[in-house]
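Take the sequence shown: its position 137, counting from 1, is numbered 160 in my numbering, and each next residue is one higher.
Where is the CB? At the ideal position from N, CA and C, for every residue including glycine.
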Amino acid sequence: MGKKIVIALGGNALGNNLKEQMEAVKVTASAIVDMVAEGHQVVVAHGNGPQVGMLKIAMDEASKSEAKTEAMPLSVCVAMSQAYIGNDLQNALRTELLNRGFNTPVATIVTQTVVSKDDPAFQNPTKPIGSFYSKQEAEQMAAKGENMVEDSGRGWRKVVASPKPIDIIEKEVVKTMMEAGQIAISVGGGGIPVIAEGSSLIGAPAVVDKDFASALLAKEIGADTLIILTAVEKVAINFGKPNEEWLDEITIADAQKYIEEGHFAPGSMLPKVMAAMGFVSTGGDKVALITLLGKAKEGISGKTGTRIVK
Ligand code: ADP
Ligand code: MG
24 MGKKIVIALG GNALGNNLKE QMEAVKVTAS AIVDMVAEGH QVVVAHGNGP QVGMLKIAMD
84 EASKSEAKTE AMPLSVCVAM SQAYIGNDLQ NALRTELLNR GFNTPVATIV TQTVVSKDDP
144 AFQNPTKPIG SFYSKQEAEQ MAAKGENMVE DSGRGWRKVV ASPKPIDIIE KEVVKTMMEA
204 GQIAISVGGG GIPVIAEGSS LIGAPAVVDK DFASALLAKE IGADTLIILT AVEKVAINFG
264 KPNEEWLDEI TIADAQKYIE EGHFAPGSML PKVMAAMGFV STGGDKVALI TLLGKAKEGI
324 SGKTGTRIVK
C-alpha cells in the first residue's frame with residue numbers, strides 16, 4: 024500500500040547558489056521519484072536559508088544605492104525564494120518523471136504559514152539573516168528599531184523572529200493534489216509568515232522553521248509519514264564525541280529524554296527531532312524518519328535512518 028508522505032528537503036538538497044541548486048535538484052528529484060515509483064503519494068517541502076539570505080541582501084543593497092527602490096519586506100523575499108526554488112524543483116521532477124515513464128503533474132504552491140503576533144519569538148528574535156553591517160551602521164539601524172546582533176565575528180546582522188507555525192493557508196489545495204496523485208511543492212522556506220487580521224493576511228518579518236512547518240502540513244493533510252532529508256544518515260546521541268551512538272528507532276519518550284540531556288544542537292537537529300515528535304504524537308500509526316537525501320528509499324523500507332515513533 025502506498026503511503027502519504029511529506030518530504031522535507033534540507034539545505035544539501037538545494038545547494039548554496041543557483042548553479043549548485045540546478046545540479047542538486049537532479050539528485051533530489053531522483054530520490055523523490057523513487058518514492059513515486061513505489062506507489063507513494065508525495066508532497067515536497069524545502070528550506071530556503073541561503074536563498075532568502077541572498078535575496079534579502081540583494082534587496083537591502085538595492086534600497087541603499089537606489090533611492091527609488093524600497094526595502095523589500097522579508098515575507099516578500101520568502102515568497103520570491105519559494106517561486107524560484109519551486110520552479111527548479113518542479114522542472115527537475117518533471118524531467119525525472121518523464122524519463123521514467125510517469126505523467127504525474129507537478130506544481131509549486133505559493134504557501135502561507137499563519138503565525139501569532141503574540142508569539143514570544145517576536146520579542147526575542149534569534150535568526151540572523153541578510154547583509155553584514157559595521158558596528159556603526161548596526162548602531163544606527165538599532166536606533167531605528169531594528170534588532171541587530173554580532174554574528175560569529177563576521178559583522179553585525181539583522182535578526183528576525185522564528186515564530187511557531189499555527190496553520191497552513193493552502194493546506195486543502197495541497198491535500199487535494201496529494202490525493203489526486205499529483206506532486207505539490209509547498210511550505211518552501213517554512214512558508215510565507217503571515218498574521219491573520221480579520222479576513223486579511225499580513226506578511227510578518229519572520230522566517231518559520233521549515234521542519235516545524237513541514238510537520239504541521241503533514242498533520243493537516245493527513246499524511247502518515249514525514250521524511251526529513253538532511254546531511255546525516257541517522258540521528259546520534261553524543262554526536263561528534265568518541266561515544267557517539269547512531270539511533271535506529273526512538274519513541275517520543277526517548278526523544279524527550281535525549282533533548283533534556285542536550286544531545287541535539289538547537290539550530291540544526293533539535294528542530295527536526297521536535298518536529299518529528301510533534302507529528303507522530305498527532306495520533307494513529309504515524310512515523311517520522313530522519314535520514315540522508317540519497318537514502319530516502321532505503322529509509323522508507325526500514326533499512327536505514329532514524330525512525331521516530333509514538
Ligand atoms: P538542514 O539544512 O537539512 O536543515 P541542518 O544543518 O540544519 O540541515 O541540520 C543537520 C545537521 O545537524 C547535521 O548535518 C549535523 O551536523 C547536525 N547535528 C546536530 N546534532 C546532531 C545529532 N545529535 N545527530 C545528528 N546530527 C546532528
Ligand atoms: Mg536546518
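Requested in this report: Could you tell me which residues DSSP pairs with K27 in its beta bridges?
Outcome: Q64
Query raised in the report: Do three or more CB pairs link the region 110-121 to the region 141-161 at distances below 8 Å?
Result: The answer is no - the region 141-161 does not touch the region 110-121, with fewer than three Cβ pairs under 8 Å.
Requested in this report: Quick one: give me the first and last residue of the alpha helix (DSSP H) that G72 is part of.
Outcome: G72 to S88
Query raised in the report: Should H286 be listed as close to the ligand ADP, given that the test is whether its C-beta is under 6 Å from any heavy atom?
Result: yes
Query raised in the report: Just checking my contact of T134 with S209 at CB under 8 Å: how many whole Å lie between their CB atoms?
Result: 5 Å
Query raised in the report: Could you give the distance in angstroms between the alpha-carbon of L252 and the alpha-carbon of E173?
Result: 30 Å
Query raised in the report: So E353 is in the beta strand (DSSP E); what residue range does that whole segment cover?
Result: Since the first and last residues shown for the chain are 24 and 333, residue 353 lies out of range.
Report task. Ignoring anything shorter than 3 residues or poking outside the region 292-326, list the beta strand (DSSP E) runs there in chain order. Result -> Entirely contained in the region 292-326, the beta strand (DSSP E) runs reaching 3 residues are, in chain order, 310-315.
Query raised in the report: Looking at C-alpha atoms only, which residue of K87, G263, D111 and P186 is the closest neighbour of V67?
Result: D111
Query raised in the report: G70: beta carbon under 6 Å from a heavy atom of the ligand ADP?
Result: Yes, Cβ of G70 sits closer than 6 Å to a heavy atom of the ligand ADP.
Report task. Drop a sphere of 10 angstroms on the beta-carbon of G76, count the other beta-carbons inside from all chains shown, and report buried for 16 or more, exposed for fewer. Result -> buried
Query raised in the report: For I275 versus M300, is the C-beta distance shorter than 7 Å?
Result: yes
Requested in this report: Give a yes or no on whether the C-beta atoms belonging to H69 and I28 are separated by under 7 Å.
Outcome: no
Query raised in the report: How many whole angstroms separate the CB atoms of P148 and A94, which I take to be in contact at a CB cut-off of 8 Å?
Result: Not really, about 17 Å apart at Cβ, beyond 8 Å.
Report task. Determine the direct distance from the alpha carbon of E160 to that of K181, and round the result to whole angstroms. Result -> 11 Å
Query raised in the report: What separation, rounded to the nearest whole angstrom, lies between the Cα atoms of M103 and A259?
Result: 35 Å
Query raised in the report: Do V48 and A17 come within 7 Å of each other at the CB atom, strictly closer than that value?
Result: Residue 17 lies beyond the range of the chain shown here (24 to 333); nothing can be said about it.
Query raised in the report: Near W269, what residues of its chain come up, given a Cβ to Cβ distance below 7 Å and the 5 sequence neighbours on each side ignored?
Result: K257 and A259
Query raised in the report: Skipping 5 residues on each side, what residues in its chain have a beta carbon closer than 6 Å to that of A207?
Result: V66, I132, V197 and M200
Query raised in the report: Going by C-alpha distance, which of S324, G325, A319 and G328 is nearest A52?
Result: Cα-wise, what sits closest to A52 is A319.
Report task. Within its chain, find whatever has a CB closer than 7 Å to the CB of K326; leave out the 5 residues flanking it on each side and keep chain order. Result -> none
Query raised in the report: Straight-line CA distance for E33 to K91?
Result: First, the amino acid is wrong: residue 33 is Gly here, not Glu. Near 36 Å, if we compare the C-alpha coordinates of K91 and G33.
Query raised in the report: Sorry if obvious, but does the Cβ on G34 come closer than 6 Å to a heavy atom of the ligand ADP?
Result: yes
Report task. Excluding the 5 residues preceding and the 5 following A236 in the sequence, name in chain order all residues of the same chain whose CB lies nearer than 8 Å to its CB. Result -> A68, T136, P188, I191, V210, G213 and G214.
Report task. Using only the heavy atoms of the ligand ADP, determine whether one of them is closer than 6 Å to the beta carbon of F262. Result -> yes
**Report entry** Near the ligand ADP: L94 beta-carbon under 6 Å from a heavy atom
**Finding:** As written in the sequence, residue 94 is Ala, which differs from the Leu given in the question. No.
Query raised in the report: Start and end of the alpha helix (DSSP H) containing A102?
Result: L97 to N122
Query raised in the report: Measuring CB to CB, does L316 end up less than 7 Å from A54?
Result: yes
Report task. Measure the Cβ-Cβ separation of I282 and A311 and say whether it is below 7 Å. Result -> No. Outside cutoff.
Query raised in the report: For the alpha helix (DSSP H) that T199 lies in, which residues bound it at each end?
Result: K194 to E202
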